[in-house]
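Undergrad:
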Amino acid sequence: MQQVFKRPQSLKDVQTHFCPGCHHGTIHRLVADAMDLYGVQDKTIGVASVGCSVFLYGYFDIDVVEAPHGRAPAVATGVKRAKPDNFVFTYQGDGDLAAIGTAEIIHAANRGEDITVVFVNNTTYGMTGGQMAPTTLVGQKTSTSPYGRDKSKDGSPIRMAELMAQLGGVAYSARVAVDSPKHVLEAKKVMREAFGYQAEGKGFSFVEVLSSCPTNWGMNPLKANARVGEEMIPYFPLGIFKKEEA
Amino acid sequence: MSKRLFVKGNEAAAMGAVEAGCRYYFGYPITPQSDIPEYLSRELPKLNGEFIQAESEIGAINMLLGASACGVRAMTSSSSPGISLKQEGISYMAGAELPGVIINISRSGPGLGGIDASQSDYFQSVKGGGHGGYHIPVLAPNSVQEMYDLTMHAFDLADLYRTPVMLLGDSVIGQMKEALVPNARPVRELPEKGWAVRGKSGAEQRVVKSLFLGDGELEAHNWRLHAKYQVMKEKECISEEYETADARLIVTGFGSVARIAHTAVAMAREEGMKVGLFRPVTLFPFPEKALAEAAGRAGKVLVVELNTGQMVEDVRLSVGAAAQVSFYGRPPGAGSLPSPEELLEVIRKQYDDTAR
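If you're matching them up, the sequences are chains H and Z in order. Sequential numbering of the first sequence, starting at 0, is according to numbering that gives the first Met the number 0. Sequential numbering of the second sequence, starting at 0, is according to numbering that gives the first Met the number 0.
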């Protein structure tokens, strides 16, 4: 019998501890699939950030360095400069990358560090309990925007994939979603392409993944999944914003 | 090598780093330490090393964290306000047990302060500085030669104990020029860096982290770190003594002010006063035992610092009831360095008190 679906080699055979309906598991699969495709598991150094994404090392069977909140791109810079032959990626949430770590991501990208950044955008701070993030949509209620995000007071949600595309050092920037089988398949293709940029030495690559946080959104997994398509994608359009041919 | 060079203290530290095998430097400009990144931006590329001018001190310390996690010798440098920004990363490095050298050519504060010589970062340096209750070795050079020698020593300590190490100088030590004999690095037996990430290559996964969530795991980690600090206290104290054997008054101070105190003590000896100098070279671990011995013999200690009194607390803890401790401080301000004559006056007063 032909096996058509299996666990990627780069993922450990462990049970998930993430909340029901959380998309981290799906995104982990996509990252692991891309690693397997280029056969880089054995030379990969992952950089874990702060928040739910810190548990990288519990799921990926790779070497991992843990970074302080927001600093993963700086840590990855140190890793890659010390070990240019290793494959290096960061895995960061929206609070981590788009708030406290804005300086680190913009400058690592602008230097054109030869790393890949996986940016998981669920419009909220997950681990700390659902506070307002830089990506929280206008009107969205969170534990620190109880009346809904107010554009005049809180500003507009930051579109990171577009911002990254403006920087000279960025070779690849895209936004995908994992709310439907179709989008997951598209995301798989994009993730492979982004990892390929580094695997082939083409420079800094960035993938923003729209995902859900049912627990902090106060929704069941199906409704949370539906929100990604109905509310997030209209504001955060999917697509490839930069693709430099090297 | 026995050539004599005439270089600045900051350059000597950078040269010591290169001699120690450091090939990775991450930094951000700030006075009065910018000669260090300037030197290394010239020299490291010639040695196939990497120099990165980071976007901030925070960026720099985290680049150091990443490079150190790979097992290479790496360094950053800054000055007081910049060191405040680096404290987050230093705490993470202490927690994850990562080696790395941080040079602090301190300036005055609080806040923006000024660029004059100051020792007001003593607490911040030796009491942890960042969150979480840790220590790092802190070395206090008082000459250009020591900037070179102690930088090399700092790299060895870092690797031996898997800890960040700080070299704490100030603008006098960093900016002055004097003779340097760039001796080759002393060889110290150091452990293999089996913990460093390098890509699994079929082996067991390596994780460099400071998050310990398992039941009792963090407590055990903290006790283990504590035990490491006790070993440092036993084995790594360095101090220098001058005319302390028969002294009835011990003057103590570190770094630049200890040089001035040295001159003042020599002047006091010429006047027939039995005064000695005790200079801690390691501020953490603080040379408690050696100081307590010298102070116990003398019965009296005068602490001189370029601040309103910080190291004096460690002196009091070290000597306990064995000696009477007094303090003379000159916090920074334009032209605030004490002259040898000024310190001699203070010594005379303290010494006369002893005679009474």
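For glycine and all other residues, C-beta sits at the position ideal for the given N, C-alpha and C.
Going by DSSP, what residues sit across from Val39/H in a beta bridge?
TA: None; Val39/H has no bridge partner.
Undergrad: If distances are taken between C-alpha atoms only, which option among Phe17/H, Leu162/H, Pro83/H comes closest to Asn47/Z?
TA: Asn47/Z has its Cα closest to that of Pro83/H, out of Phe17/H, Leu162/H, Pro83/H.
Undergrad: Taking CB distances under 8 Å as the criterion, tell me whether Ala177/Z reaches chain H.
TA: Checking the sequence, you will find Glu at residue 177/Z rather than Ala. Answer no: the Cβ-Cβ gap between Glu177/Z and chain H never drops below 8 Å.
Undergrad: Measure from the C-beta of Glu96/Z to each C-beta in chain H and report whether the shortest distance is under 8 Å.
TA: Not one chain H Cβ lies under 8 Å of Glu96/Z.
Undergrad: Between which two residues does the beta strand (DSSP E) carrying Pro279/Z extend?
TA: Run containing Pro279/Z: 274 to 279, per the beta strand (DSSP E) assignment.
Undergrad: Within the 8 Å Cβ cut-off, does Cys21/Z reach chain H?
TA: It does not; no Cβ of chain H falls within 8 Å.
Undergrad: Could you tell me whether the region 278 to 289 of chain Z touches the region 132 to 141 of chain Z, using the rule of 3 or more Cβ pairs below 8 Å?
TA: Yes, the region 278 to 289 of chain Z touches the region 132 to 141 of chain Z.
Undergrad: At 4 residues or longer, what runs of the alpha helix (DSSP H) sit wholly inside the region 73 to 113 of chain H?
TA: Runs of the alpha helix (DSSP H) inside the region 73 to 113 of chain H: 101 to 110.
Undergrad: Can you tell me the Cβ-Cβ gap for Val274/Z and Ala291/Z, rounded? I've got them flagged as a contact below 8 Å.
TA: Actually they do not touch by this definition, with Cβ atoms about 18 Å apart.
Undergrad: Nearest to Ala173/H by alpha carbon, out of Gly167/H, Lys181/H, Leu162/H?
TA: Looking at the Cα atoms, Leu162/H is the closest of the given residues.
Undergrad: Could you pull out every residue in the same chain whose Cβ sits closer than 8 Å to the Cβ of Leu64/Z, ignoring the five residues on either side in sequence?
TA: Closer than 8 Å at the Cβ level, and outside the excluded window around Leu64/Z, lie Gly88, Tyr91, Met92, Ala95, Leu97, Gly99.
Undergrad: Listed from N- to C-terminal order along the chain, which residues in the region 193 to 208 of chain Z have their beta-carbon within a distance smaller than 8 Å of any beta-carbon of chain H?
TA: So the list reads Val196, Arg197, Gly198, Lys199, Ser200, Gly201, Gln204, Arg205, Val206, Val207, Lys208, given in the order they occur along the chain.
Undergrad: Would you give the residue range spanned by the beta strand (DSSP E) that Phe203/H belongs to?
TA: Here the beta strand (DSSP E) through Phe203/H covers 203 to 209.
Undergrad: Straight-line CA distance for Val314/Z to Ile259/Z?
TA: Each residue's alpha carbon lies about 19 Å from the other.
Undergrad: For Tyr37/H, go through chain Z and note every residue whose CB falls closer than 8 Å to its CB, in chain order.
TA: Those do not exist, as Tyr37/H stays about 13 Å from chain Z at its closest Cβ, beyond 8 Å.
Undergrad: Under 8 Å between the Cβ atoms of Val30/H and Phe118/H?
TA: Not in contact: Val30/H and Phe118/H (Cβ atoms no closer than 8 Å).
Undergrad: How would you call His225/Z, buried or exposed, if buried means at least 16 neighbouring beta carbons within 10 angstroms?
TA: Looking at its Cβ environment, which holds fewer than 16 other Cβ atoms inside 10 Å, His225/Z is exposed.
Undergrad: Cβ of Ala139/Z less than 8 Å from any chain H Cβ?
TA: Not closer than 8 Å to any Cβ of chain H, the Cβ of Ala139/Z fails to qualify, so no.
Undergrad: Enumerate in chain order the residues of its own chain whose CB-to-CB distance from Val63/H is below 6 Å, with the five nearest sequence positions on each side excluded.
TA: Same-chain partners within the cutoff: Gly45, Ala47, Leu55, Tyr56.
Undergrad: Listed in chain order, which residues of the region 44 to 70 of chain H have Cβ atoms closer than 8 Å to some Cβ of chain B?
TA: Here chain B cannot be found, since the structure's protein chains are H and Z.
Undergrad: Identify whether Ile161/H lies in helix, strand or coil by the three-state DSSP scheme.
TA: Sequence inspection shows Glu at residue 161/H; the Ile mentioned does not correspond to that position. Correct three-state label for Glu161/H: helix.
Undergrad: Just the chain Z side, please: which residues come within less than 7 Å of His106/H by C-beta, in chain order?
TA: Under the 7 Å cutoff, chain Z gives Glu54, Gly58.
Undergrad: According to the Cβ coordinates, are Ile114/H and Gln197/H closer than 8 Å?
TA: For Ile114/H and Gln197/H, yes; Cβs fall inside 8 Å.
Undergrad: Where do the N-terminal and C-terminal ends of the beta strand (DSSP E) with Thr396/Z fall, by residue?
TA: In the structure as shown, chain Z starts at 0 and stops at 355, and residue 396/Z therefore has no counterpart that could be examined.
Undergrad: With DSSP run on the structure shown, which of helix, strand or coil describes Ser77/Z?
TA: Reduced to three states, the DSSP call for Ser77/Z is strand.
Undergrad: Can you give me the C-alpha to C-alpha distance between Pro36/Z and Gln52/Z, rounded to a whole angstrom?
TA: Their Cα atoms are separated by approximately 8 Å.
Undergrad: At 8 Å on the CB atoms, spell out the chain Z contacts of Gln40/H, in chain order.
TA: The answer, in chain order, is Lys199.
Undergrad: Between which two residues does the alpha helix (DSSP H) harbouring Ala186/H extend?
TA: Ala186/H -> alpha helix (DSSP H) spans 180 to 198.
Undergrad: Does Val78/H have its Cβ less than 8 Å from a Cβ in chain Z?
TA: Closer than 8 Å to some Cβ of chain Z, the Cβ of Val78/H qualifies, so yes.
Undergrad: Over the uninterrupted alpha helix (DSSP H) stretch that includes Asp155/Z, give me the two end residues.
TA: Residues 143 to 160.
Undergrad: For Ala178/Z versus Arg296/Z, is the C-beta distance shorter than 8 Å?
TA: Taking 8 Å as the Cβ cut-off, Ala178/Z and Arg296/Z do not qualify as a contacting pair.
Undergrad: Could you round the C-beta distance between Val302/Z and Met310/Z to whole angstroms and report it? I think they count as a contact, below 8 Å.
TA: 6 Å between Cβ atoms; contact.
Undergrad: Just how far apart, CA to CA, sit Ser255/Z and Ser211/H?
TA: One C-alpha to the other measures close to 58 Å.
Undergrad: Using a beta-carbon distance below 8 Å, is Leu64/Z in contact with chain H?
TA: By this cut-off, Leu64/Z is an interface position.
Undergrad: If we ignore side chains and look at the alpha-carbon of each, how far apart do Gly332/Z and Ser338/Z end up?
TA: The alpha-carbon atoms of Gly332/Z and Ser338/Z are separated by roughly 14 Å.
Undergrad: For Gly24/H, count the other beta carbons within 10 Å of its own beta carbon; 16 or more makes it buried, fewer makes it exposed. Which is it?
TA: That one is exposed.
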